[in-house]
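Positions 1 to 565 (UniProt numbering) are the ones given, in order, by the sequence shown.
The C-beta atom is built at its ideal place from N, Cα and C for all residues, glycine as well.
To start, the structure itself, in structure tokens.
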Amino acid sequence: RFMEGFSFLTKMASFTPLSNQRSSLMNIMSGQCVFGQKKHLFFLPLSEKKKKNGPKSLRDLRAERQAQAERSVLVSCHPKTHENKFLKYLSRHGNVNKCFFYESFGTYAVVEFSNQDGVQSLLESAAMPSVSHESVVPLRSRLLSLRNVNTVDTDKQSAPSRRTCPLTVFLLTQLEQQIVSLTEAHSLTDENTRLRFLVCSLLNDIAAAYFPQSSIKPFGSSVNGFGKLGCDLDMILDLDGTSEGNANMPRSGMYMEYLVKRTSSERAVTQSVLSVIAGCLDQFGPGCVGVQKILNARCPLVRFAHQPSGFQCDLTASNRVAMRSTELLYLFGELDARVRPLVFTVRCWARAHGVTSPIPGAWITNFSLTIMVLFFLQRRNPPILPTLDRLKELAEPSEKCVLDGNDCTFTSDFHRISLETNTETLDQLLGDFFEFYSTFIFNRMSINLGRYGKEHKPELHPLYIQNPFETSLNISKNVNSSQLERFVTLCQESAWLLQSGSHLNTLLLPSHISVVRGRKKRKSQPASERIKGLLESLRIKNNSNNTEAGVTVVGLCWCVVLSQY
């Protein structure tokens, strides 16, 4: 890991900005850097970002993103496409609002026109590919390929660069600055979010052939504000639009209704619909590979990879409770600017220490960790976040929502939610988070976002985190005693480190606590010995005036973490 980190840092040091021509062109078009680059506002208080217009509801945000996606196309390009000529060609069909490039199994451009007429004009000018020894599936979509060798200028153009963590991250000395920096470096960019909605829109074009009134929408981490770069794209095929006209049926006299097939249950309908969509994606969907039907799961889904975007995708149908959970997490993230940075940092810490894993098993999941952070913030004095019960009390009658027998009611009006002022800093909250869970009575108490009071566990599982809406479900049922004990031990160690004045890079160094395999543990070096030696070495570094060496040490710490997160 040390050598991998050193190699990574060397590459970072040799990083050069994009060419002036490419950067200038994209700045004119979008007002910001391209290829997923973001401005890093390390020292600007997070609350300042939303003072101008206030929080935007998830419904409004989703509608805005969907409208952008419907005006957009995805174009496969030569890696050294001449962008001035490309933009000039696109402008023949309509005004271009935004255009940016990225790499995923080739070079692609996302192009957003000012209206759908530009998209339609471009599609009408496109032709089916002519190949000699193969046959093509004649599906017309907004996934296109640029085929003109005269647009390539190898002398002046360079391939699009990948987004990397800025070297400035390694130079920060304040813990709160490091937390904000980590969040900025790993949160979804505007370009990445646009691409996610565009993929949903492209897939919806295929589904609309069978279900014209349906829509495919992203949910989960792609839209709730807690997603990181590289996270999966969770989507739902919303079939509710097919029944929208039923409310206007006359109570007497004649009227028409559709003649449809009937099945035994809604689950059977979901399985049939997903099976058909999976077949279409597998046989006709350009760029959709590795399509799997996982129809017997508690929540049936279709899993596949979308190569043009590089996303791993999960598509489900009519999972309305999950959509509601997405809205709740988005609301919590918007209520206070400290929520998301704290969640990002705890997740990164958990990944660095093996508390979470991309492989299914007995580990704590990112969703469970997020709920644990929100629960902790509800218990501050004064509370930083309201309980779900309080949000239900504030809801208007029109916001009443019952889905599949579950009460999913809560207000989404930010103006009706008021809390006492809490001035705790991010570094204080991070330290107190570890303190809170290092002493939490897991064997008797549950974690429940609904109430302020203590809740006893209804089951004997080591960790009980109640699903916010499906209250009979424990979302951490998979976690065993060994993993929970390891989590508590790491919280104790991390709390001690922060109390000793350590920074985030020290906190994120992999622990020597033994990895639990089954129910067997191996003895580890005492944490106090390791921490003492580590802190001593850091003090020596800090006392020296060798800035380059200090940056290298800090950089290596971050490189190890970022390579895992």
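Looking only at Leu-74, Tyr-108, Pro-79, Pro-55, the smallest Cα-Cα distance to Leu-122 is reached by Leu-74. For Phe-375, the enclosing alpha helix (DSSP H) begins and ends at 366 to 378. Looking at Gly-501, Leu-61, Tyr-89, Ile-447, the one whose alpha-carbon comes closest to that of Thr-370 is Ile-447.
With 16 or more neighbouring CB atoms inside 10 Å of its own CB, Leu-233 falls in the buried class. Within the UniProt domain "RL" (58 to 126), the runs of alpha helix (DSSP H) that reach at least 4 residues and sit entirely inside it are, in chain order, 58 to 70, 83 to 91, 116 to 125. In this structure, DSSP gives Pro-360 a state outside helix and strand, which the three-state scheme calls coil.
Between the C-alpha atoms of Tyr-258 and Phe-211 there is a straight-line separation of about 13 Å.
Beta-carbon to beta-carbon, Tyr-437 and Val-488 are separated by about 7 Å, close enough to satisfy the 8 Å threshold. Distance from the Cα of Asn-443 is smallest, within the candidate group Phe-434, Leu-139, Ser-57, Tyr-464, for Tyr-464. The beta carbon of Val-346 sits closer than 7 Å to the beta carbons of Leu-369, Val-373, Phe-433 from its chain, once the five residues preceding and following it are set aside; these are given in chain order.
The three-state secondary structure of Phe-442, taken from DSSP, is coil. Note on geometry: alpha-carbon atoms of Ser-398 and Asn-319 lie some 21 Å from one another. With respect to Ala-337, Gly-431 sits apart: the two C-beta atoms are not nearer than 8 Å. Residues of the same chain with a CB within less than 6 Å of the CB of Ala-208, apart from the 5 flanking positions on each side, do not exist. Non-local beta-carbon contacts of Thr-425 in its own chain, meaning distances under 6 Å to residues more than five positions away in sequence, involve Glu-176 in chain order. Under the three-state reduction of DSSP output, Cys-401 falls in the coil class, being neither helix nor strand. In this structure, Leu-295 lies away from Leu-335, with their beta-carbon atoms at least 8 Å apart.
Contact between the stretch 319 to 334 and the stretch 401 to 412 is present: 3 or more CB-CB pairs across the two stretches fall below 8 Å. Here Gln-466 carries a strand assignment [DSSP, helix/strand/coil].
With fewer than 16 other beta carbons inside 10 angstroms of its own, Gln-283 counts as exposed.
Taking all protein chains shown into account, Gly-333 has 16 or more neighbouring C-beta atoms within 10 Å of its C-beta and is therefore buried. Taking all protein chains shown into account, Glu-134 has fewer than 16 neighbouring C-beta atoms within 10 Å of its C-beta and is therefore exposed. Between Asn-467 and Leu-473, the CB-CB gap stays under 8 Å. Look at Lys-56 here: in three-state DSSP terms it is coil, with no helix or strand label. Measuring C-alpha to C-alpha distances from Ser-145 to each of Ala-268, Leu-61, Lys-228, Ser-76 identifies Ser-76 as the nearest. The way I'd put it, the stretch 304 to 312 doesn't touch the stretch 350 to 368; fewer than three beta-carbon pairs between them come closer than 8 Å. A residue is called buried once 16 or more other Cβ atoms fall within 10 Å of its Cβ, and Arg-340 is buried on that count.
Distance from the CA atom of Arg-380 to the CA atom of Leu-403, rounded to whole angstroms, is 31 Å. The shortest CA-to-CA distance from Asn-505 to any of Ser-181, Ser-418, Lys-400 is the one to Ser-181.
In this structure, the alpha-carbon of Asp-389 lies about 8 Å from that of Leu-449.
Residue environment for His-306: buried (at least 16 other C-beta atoms within 10 angstroms of its C-beta). 8 Å or more divides the Cβ of Cys-280 from the Cβ of Ile-216. In this structure, the alpha-carbon of Glu-124 lies about 26 Å from that of Ala-63. One Cα belongs to Phe-304, the other to Gly-290, and the distance between them is close to 5 Å. Ala-317 and Leu-237 do touch by the CB rule: their CB atoms are close to 4 Å apart, below 8 Å. If you ignore the 5 residues before and after Gln-271, its C-beta comes within less than 6 Å of the C-beta of Leu-295, Pro-300, all in its own chain and listed in chain order.
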